[in-house]
Amino acid sequence: MFGLITLAIGTALLPLPGGGAVRRLRRGAAGPERGLGGRATRHATGAFVLLGPAVAGLVGGWALGVSSVVVLLGWWARRGASRRIARTLDVTRDWCASLGRLVADLRSGAHPEAAVRRAAADSGSEVSALLDRVAATVHLGGDVERQLARPGATGLSSDVPARLGRAWSLATTHGLPLALVLDAVRCDVAHRLRFADNVRARMAGPRATGTLLAGLPLLALGLGEAVGAGPVAVLLGTSAGGALLVAGSLLVTTGSWWIHHLTTRTIR
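Residue numbers (UniProt numbering): 1 to 268.
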């Protein structure tokens with residue numbers, strides 16, 4: 001009984017939003033996340049994923065074990081997708097802020113190399129590495145556009161380096177104000193970021209509906225036990241009930257993953 005309730009609760013929690021916002025708040029309040037803590041969290045999660053189905057199988061039989069594997073795989077896939085989306089949004093916000101600082105320094109009369117280095121110093125690791133490459137290329141008189149070309153990348157912020165390189169090349173080739181051209185890139189990145197945030201907010205309703213629907217099996221189990229129908233004994237004690245438990249877990253997990261996919265596809 002306990003194992004089945006745990007499985008139902010895990011299935012109900014499957015479509016809940018990821019913890020990206022919580023992690024960002026924690027980083028803002030306590031500084032960067034430590035590597036040791038991150039490794040410990042990953043190890044604990046891996047142990048839970050490996051041992052959870054085994055414990056469920058020992059407690060409730062093969063059907064509960066297989067269903068636990070299905071639910072945990074679905075949860076793992078959604079967790080990874082949520083982390084990638086949170087990372088994409090964080091990098092996009094970092095690009096927007098870095099371009100804003102770069103444009104402000106250029107408009108104040110700073111040399112392009114010095115402006116890029118100051119923007120890189122205040123940026124995250126990914127953006128800072130690319131801006132350092134830009135500063136080094138400018139210092140050596142190289143081709144910024146070729147240095148920032150990133151073919152094959154996908155995602156909300158993936159084409160920002162290439163757009164930055166094209167804008168830089170356009171300004172230097174045709175004698176346009178560099179600050180003006182880069183500000184146009186910044187405005188476009190900010191617009192796409194606002195659009196992504198707006199879409200996420202509008203998709204809160206469908207996500208909540210998916211959470212409610214995924215929790216209905218748990219409610220049904222509770223009502224069945226309350227009226228004496230004994231659904232738990234059927235699901236765990238018979239071959240047909242075990243097959244239904246596995247099939248139901250697979251359907252609920254697939255539906256939760258599909259809802260997550262539909263509500264986040266515009267910002268992948």
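For glycine and all other residues, C-beta sits at the position ideal for the given N, C-alpha and C.
- By alpha-carbon distance to arginine 87, the top candidate from Trp62, Gln147, His261 and Ser158 is Ser158.
- Judged by their CB atoms, glycine 224 and glycine 255 are not nearer to each other than the 9 Å cut-off.
- For histidine 260 and leucine 89, the gap between their C-alpha atoms comes out near 16 Å.
- By the neighbour-count definition (other C-beta atoms within 10 Å, threshold 16), arginine 194 is an exposed residue.
- By a beta-carbon distance limit of 8 Å, aspartate 183 contacts valine 103. Their separation comes to about 5 Å.
- Under the three-state reduction of DSSP, aspartate 188 is assigned to helix.
- By alpha-carbon distance to alanine 162, the top candidate from Trp95, Ala114, Leu73 and Gly237 is Trp95.
- Burial is judged here by how many other beta carbons sit within 10 angstroms of a residue's own beta carbon; valine 70 has at least 16 and is buried.
- Restricting attention to Trp76, Leu244, Leu251 and Thr263, the CA atom closest to the CA of aspartate 197 is found in Thr263.
- Residue range 125-140 is occupied by the alpha helix (DSSP H) that includes aspartate 132.
- A straight-line Cα-Cα distance of about 24 Å links leucine 219 and tryptophan 76.
- If you compare the alpha carbons of Arg101, Ala81, Arg200 and Arg79 with that of cysteine 187, the shortest gap goes to Arg101.
- A straight-line Cα-Cα distance of about 27 Å links leucine 245 and serine 82.
- Within the same chain, Cβ atoms closer than 6 Å to the Cβ of serine 249 are found at Ser67, Val70 and Val71, the five residues on either side in sequence being excluded.
- With respect to the 9 Å criterion, valine 144 and glycine 175 are not classified as neighbours on the basis of their beta carbons.
- If you ignore the 5 residues before and after tryptophan 168, its C-beta comes within less than 6 Å of the C-beta of Val144, all in its own chain and listed in chain order.
- Under the three-state reduction of DSSP output, aspartate 159 falls in the coil class, being neither helix nor strand.
- Going by C-alpha positions, serine 108 is about 12 Å away from alanine 114.
- Ranking Glu126, Ala119, Trp62 and Thr173 by CA distance to the CA of glycine 142 puts Thr173 first.
- Apart from sequence neighbours up to five positions away, the residues of its chain that approach threonine 137 with a beta-carbon distance below 8 Å are Asp143, Val144 and Gln147, ordered along the chain.
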